[in-house]
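Student:
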Amino acid sequence: MDSLTDILKDKLKEKGFKLTPQRRATLDVVFGNKGKHLNTEEIYGFVKEKCPEIGLATVYRTLQLLEEMELVSKINLDDGCIRYEFNTHDDDHQHHHLICQSCGKIIEVELDLLDQLEQEIENTYKFKVIDHKVKFFGICSKCS
Ligand SMILES: [Zn+2]
Ligand SMILES: [Zn+2]
Ligand SMILES: [Zn+2]
Numbered sequence: 053m054d055s056l057t058d059i060l061k062d063k064l065k066e067k068g069f070k071l072t073p074q075r076r077a078t079l080d081v082v083f084g085n086k087g088k089h090l091n092t093e094e095i096y097g098f099v100k101e102k103c104p105e106i107g108l109a110t111v112y113r114t115l116q117l118l119e120e121m122e123l124v125s126k127i128n129l130d131d132g133c134i135r136y137e138f139n140t141h142d143d144d145h146q147h148h149h150l151i152c153q154s155c156g157k158i159i160e161v162e163l164d165l166l167d168q169l170e171q172e173i174e175n176t177y178k179f180k181v182i183d184h185k186v187k188f189f190g191i192c193s194k195c196s
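Residues in the sequence shown are numbered from 53 upward in steps of one, following this note's numbering.
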């Protein structure tokens, strides 16, 4: 048994859920497609290859469960789809997304870059910043 399965099993147990092949397959798909920001339908398509009997509603519920367990993060890039990505827990704050308005490509910015802004917000508004979701819309290098 690998560590991802162990983590999933432990988290499910905490919530009183069992590890099922469907839940395992759903997490595998999101984990195996890091940086691709798959939407619910795309994830469903991949999970179906392993679990042909699974329905879209089950995948949808499983993704919500995985999000509650903080194994995946939901991202909304304003393109009408709900997308998910594996939660790396490497850093506390979510990375930023650059969205090309010509080809739809999504580029990840791993650096936070907002430290100074966060500090100013904390000082000015006495508001402790815990996380943020930043999207930049523009044109990628291939399209410009
Ligand atoms: Zn930050
Ligand atoms: Zn582009
Ligand atoms: Zn991302």
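We put the beta carbon where it would ideally sit given N, CA and C, even for glycine.
(1) Let's test the definition: count the other Cβ atoms within 10 Å of the Cβ of CYS160 and tell me whether it reaches 16, buried, or not, exposed.
(2) When the Cα atoms are used, what is the spatial distance from ASP167 to LEU108?
(3) Evaluate GLU174 with the Cβ neighbour count: other Cβ atoms within 10 Å of its Cβ, from every protein chain shown; 16 or more gives buried, anything less gives exposed.
(4) Taking 5 Å as the limit, tell me which residues put their C-beta closer than that to any heavy atom of ligand 2, in chain order.
(5) Starting from the C-beta of ILE191, find all residues in its chain whose C-beta is less than 8 Å away, skip the five residues before and the five after it, and write them out in chain order.
(6) Give the secondary structure of GLU137 by DSSP, where H, G and I count as helix, E and B as strand, and everything else as coil.
(7) Which two residues bound the contiguous alpha helix (DSSP H) that contains PHE98?
(8) Does the segment 73-82 touch the segment 125-134, meaning 3 or more C-beta pairs lie closer than 8 Å?
(9) Can you list, in chain order, the residues of its chain with a C-beta nearer than 7 Å to that of GLU170? Leave out the 5 residues immediately preceding and following it.
(10) Within the present structure, is the beta-carbon of ILE182 separated from the nearest heavy atom of ligand 3 by less than 8 Å?
(11) What residues in its chain sit with their C-beta under 7 Å from that of THR110, if we drop five residues either side in the sequence?
(12) Would you check if the distance between the CB atom of HIS148 and the CB atom of PHE179 is smaller than 9 Å?
(13) Answer yes or no: do HIS89 and GLU137 have a C-beta to C-beta separation smaller than 9 Å?
Tutor: In brief:
(1) Counting from one through the sequence shown, the residue named residue 160 turns up at place 108. The sequence given here has Glu at residue 160, not Cys. GLU160 should be labelled exposed.
(2) Here the question's residue 167 lines up with position 115 in the sequence shown. Here the question's residue 108 lines up with position 56 in the sequence shown. Between ASP167 and LEU108, the C-alpha separation is close to 40 Å.
(3) Counting from 1 along the sequence shown, the entry for residue 174 is found at position 122. So GLU174 ends up on the exposed side.
(4) CYS152, SER154, CYS155, LYS157, CYS192 and CYS195
(5) Residue mapping note: residue 191 aligns to position 139 of the sequence shown, counting from 1. Excluding positions up to five away in sequence, the list reads CYS152, GLN153 and SER154.
(6) The residue given as residue 137 occupies position 85 in the sequence shown. Strand at GLU137.
(7) Indexing the sequence shown from 1 puts residue 98 at position 46. It spans 92-102 - the alpha helix (DSSP H) in which PHE98 sits, taken as one unbroken run.
(8) no
(9) Stepping through the sequence shown from its first residue, residue 170 is reached at position 118. The answer, listed in chain order, is VAL181.
(10) Here residue 182 refers to the residue found at position 130 of the sequence shown. No, the beta carbon of ILE182 sits no closer than 8 Å to any heavy atom of ligand 3.
(11) Here residue 110 refers to the residue found at position 58 of the sequence shown. For THR110, where only same-chain residues beyond five positions count, the Cβ hits under 7 Å are GLN74.
(12) Indexing the sequence shown from 1 puts residue 148 at position 96. Indexing the sequence shown from 1 puts residue 179 at position 127. Their beta carbons are not under 9 Å apart, which means HIS148 does not touch PHE179 by this criterion.
(13) The residue labelled residue 89 in the question sits at position 37 within the sequence shown. The residue labelled residue 137 in the question sits at position 85 within the sequence shown. Closer than 9 Å, so yes.
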